[in-house]
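Down below is the structure, laid out as structure tokens.
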Amino acid sequence: MNILVINCGSSSLKFQLIDAVSEAVLAKGLCERIGIEGSRLVYQPAGGEKEITESPMPTHKQAIQMVLDALVNEKTGVIKSLAEVGAVGHRVVHGGEKFASSAVITDDMLKAVEECNDLAPLHNPANLIGINACKELMPDTPMVGVFDTAFHQTMPSTAYLYGLPYEYYEKYKVRRYGFHGTSHSYVSKRVAELLGKPVTELKTIVCHLGNGASVCAVKNGESIDTSMGLTPLEGLVMGTRSGDIDPAILEFLAKKENLDINGLMNVLNKKSGVFGLSEGLSSDFRDLENAANEGNEAAARARAVFNYRVAKYIGAYAAAMNGVDVIVFTAGLGENDHLVREDICSYLGYLGVTLDLDANKVRGKEVELSTSDSKVKVWMVPTNEELAIARETLALVK
Numbered sequence: 002m003n004i005l006v007i008n009c010g011s012s013s014l015k016f017q018l019i020d021a022v023s024e025a026v027l028a029k030g031l032c033e034r035i036g037i038e039g040s041r042l043v044y045q046p047a048g049g050e051k052e053i054t055e056s057p058m059p060t061h062k063q064a065i066q067m068v069l070d071a072l073v074n075e076k077t078g079v080i081k082s083l084a085e086v087g088a089v090g091h092r093v094v095h096g097g098e099k100f101a102s103s104a105v106i107t108d109d110m111l112k113a114v115e116e117c118n119d120l121a122p123l124h125n126p127a128n129l130i131g132i133n134a135c136k137e138l139m140p141d142t143p144m145v146g147v148f149d150t151a152f153h154q155t156m157p158s159t160a161y162l163y164g165l166p167y168e169y170y171e172k173y174k175v176r177r178y179g180f181h182g183t184s185h186s187y188v189s190k191r192v193a194e195l196l197g198k199p200v201t202e203l204k205t206i207v208c209h210l211g212n213g214a215s216v217c218a219v220k221n222g223e224s225i226d227t228s229m230g231l232t233p234l235e236g237l238v239m240g241t242r243s244g245d246i247d248p249a250i251l252e253f254l255a256k257k258e259n260l261d262i263n264g265l266m267n268v269l270n271k272k273s274g275v276f277g278l279s280e281g282l283s284s285d286f287r288d289l290e291n292a293a294n295e296g297n298e299a300a301a302r303a304r305a306v307f308n309y310r311v312a313k314y315i316g317a318y319a320a321a322m323n324g325v326d327v328i329v330f331t332a333g334l335g336e337n338d339h340l341v342r343e344d345i346c347s348y349l350g351y352l353g354v355t356l357d358l359d360a361n362k363v364r365g366k367e368v369e370l371s372t373s374d375s376k377v378k379v380w381m382v383p384t385n386e387e388l389a390i391a392r393e394t395l396a397l398v399k
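Per this note's numbering, the sequence shown runs over residues 2 to 399.
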């Protein structure tokens with residue numbers, strides 16, 4: 002069975018067509034600038050050249066139609082007809098408490114997702130637009146929603162409740178939800194396979210480090226805590242997001258800078274993180290590394306703050322699980338920046354972590370980074386959220 006995986010944003014759409022049996026990627030690509038001038042489709046069949054088609058995409062429906070046309074194109078398509086697409090798996094960011102696992106898409110399911118829109122106003126509406134566009138174009142194809150938050154529904158109340166009046170949880174479901182769940186689930190299971198041990202017997206800390214970043218404590222295969230909260234703003238310092246701050250800072254800045262709540266949230270989401278710490282230099286760690294090497298103190302400071310915050314969370318989650326067997330780095334930064342990994346691990350000597358500096362100088366591979374005598378194993382495992390979505394979709398439609 003071939004499964005089409007869709008990850009729909011407000012103005013973009015990522016896709017992969019995956020053979021669910023061999024788990025090979027048959028084709029992948031991206032629709033950019035949907036509803037904006039200059040929209041284009043980037044399409045790449047397996048073993049083929051990347052193709053770029055510039056064409057108006059006023060809505061997501063047109064974007065998905067272009068994707069489907071590319072997949073069945075006589076010259077560079079990878080299937081003969083859409084009948085060869087057995088199911089579609091959609092990434093959905095927020096499922097609230099309603100979804101502790103992936104779910105077949107029905108009208109009732111979509112209503113439940115829509116009720117979570119105010120918890121993820123930038124993501125869920127876009128996810129729903131993509132689902133509805135696919136349903137319109139492929140009405141007879143089964144579809145599945147795979148939730149970023151579902152993996153974290155195993156967290157105990159001690160981890161997900163905030164120190165707020167309990168009525169806010171009862172009335173509005175204000176609690177920690179966590180994100181990147183598909184990635185944390187995939188990576189924790191994969192590293193267990195690589196270690197040759199059941200995931201149900203491991204205490205694992207997964208560091209999903211990218212422009213958006215989170216750490217997750219996975220005990221015996223279940224998420225028991227994670228750094229992101231009600232929204233993806235909490236936790237680590239990120240590309241442009243502040244991460245954890247004293248809540249009273251909001252009132253302080255509102256008065257000093259004459260900002261309303263929208264202005265404050267714009268600062269926290271788009272002007273903070275390593276971008277803000279580097280004095281607006283960049284949110285890209287490659288730019289910051291180059292600048293730091295040239296003596297830019299702000300760039301070096303931003304990287305150091307980020308690394309320190311990750312190390313603090315690792316320590317916290319080692320305490321939460323009463324120990325840790327393996328620490329795993331993944332996602333764009335975690336897979337590609339050996340200096341970030343090295344600096345983070347330099348804080349972890351108390352856990353018995355010993356990094357193999359030569360093994361650490363690699364990018365994007367499944368590899369053990371710790372020495373043979375390290376008490377806690379350190380690994381790098383590239384994430385594969387699309388494959389995880391395809392697996393979840395196959396399991397439900399089978």
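Glycine included, every Cβ here is placed at the ideal spot set by N, Cα and C.
Distance check for residue j and residue i, CA to CA, integer angstroms please.
i    : j    : result
V329 : C208 : 6 Å
V306 : G240 : 12 Å
H153 : V219 : 9 Å
L162 : I132 : 31 Å
I19  : A25  : 6 Å
L210 : R287 : 13 Å
E295 : L340 : 16 Å
R342 : E386 : 21 Å
H185 : C217 : 7 Å
L278 : A303 : 5 Å
D149 : N125 : 11 Å
E85  : M139 : 12 Å
L42  : P59  : 13 Å
L237 : T77  : 42 Å
K81  : E336 : 36 Å
E223 : E367 : 22 Å
R176 : A121 : 13 Å
Y170 : G49  : 51 Å
G281 : D70  : 41 Å
L388 : L260 : 43 Å
A160 : G197 : 29 Å
C135 : T54  : 20 Å
M110 : I7   : 17 Å
A214 : A127 : 21 Å
A151 : P166 : 25 Å
I221 : L129 : Going by the sequence as given, residue 221 is Asn instead of Ile. Distance between the alpha carbons of N221 and L129: 33 Å.
M322 : P157 : 12 Å
So, under 8 Å CB-CB, residue i and residue j are touching, yes? Tell me the CB distance rounded to an integer number of Å.
i    : j    : result
S228 : L269 : With a Cβ gap of about 15 Å, S228 and L269 do not count as contacting.
K174 : E115 : Going by Cβ atoms, the distance from K174 to E115 rounds to 15 Å, so no, they are not a contact pair.
V325 : I225 : No, V325 and I225 are not in contact; Cβ-Cβ is about 12 Å, not under 8 Å.
A319 : L370 : Their Cβ separation, rounded to whole angstroms, is 17 Å, which puts A319 and L370 out of contact at 8 Å.
A293 : Y348 : Wrong, their Cβ atoms sit about 19 Å apart, outside the cutoff.
T394 : A88  : 5 Å
Q45  : A28  : 7 Å
K15  : L31  : 5 Å
I390 : G90  : 4 Å
State the DSSP-derived secondary structure class of residue i, mapped to helix, strand or coil.
i    : result
D326 : coil
A88  : strand
G365 : coil
G236 : coil
M229 : coil
Y348 : coil
A360 : coil
A25  : coil
I53  : strand
D20  : strand
N74  : coil
K376 : coil
E393 : helix
E343 : helix
L14  : strand
V79  : coil
G30  : strand
V43  : strand
M67  : helix
N267 : helix
I7   : strand
Are there any heavy atoms of the ligand MG lying less than 7 Å away from the beta-carbon of residue i, as far as the coordinates show?
i    : result
I246 : With respect to the ligand MG, the structure shown offers nothing to examine, as it has no ligands at all.
Exercise for the section: Kindly confirm or deny that the region 173-187 and the region 231-239 touch, where touching means at least three C-beta pairs closer than 8 Å. Expected result: yes
Exercise for the section: State whether the region 6-14 contacts the region 29-42, with contact taken as three or more CB pairs (one from each stretch) at a distance under 8 Å. Expected result: yes
Problem - 4 or more residues per run - each alpha helix (DSSP H) lying fully within the region 90-177 - result: 108-115, 125-138, 158-161 and 167-173
Problem - beta strand (DSSP E) runs contained entirely in the region 277-334, provided each spans 3 or more residues - result: 327-331
Handout entry: Touching by the beta-carbon criterion (3+ pairs, under 8 Å), the region 139-159 and the region 99-106
Key = yes
Exercise for the section: Give a yes or no on contact between the region 347-365 and the region 375-387, applying the rule of three or more CB pairs nearer than 8 Å. Expected result: yes
Exercise for the section: Please determine if the region 185-193 and the region 313-331 are in contact, where contact requires at least 3 C-beta pairs separated by less than 8 Å. Expected result: yes
Handout entry: the region 245-264 in contact with the region 198-205 per 3-pair CB rule at 8 Å
Key = no
Practice task
Could you tell me which uninterrupted beta strand (DSSP E) segments, each at least 3 residues in length, are contained entirely in the region 180-230, listed from first to last along the chain?
Solution key: 204-209, 215-220 and 223-227
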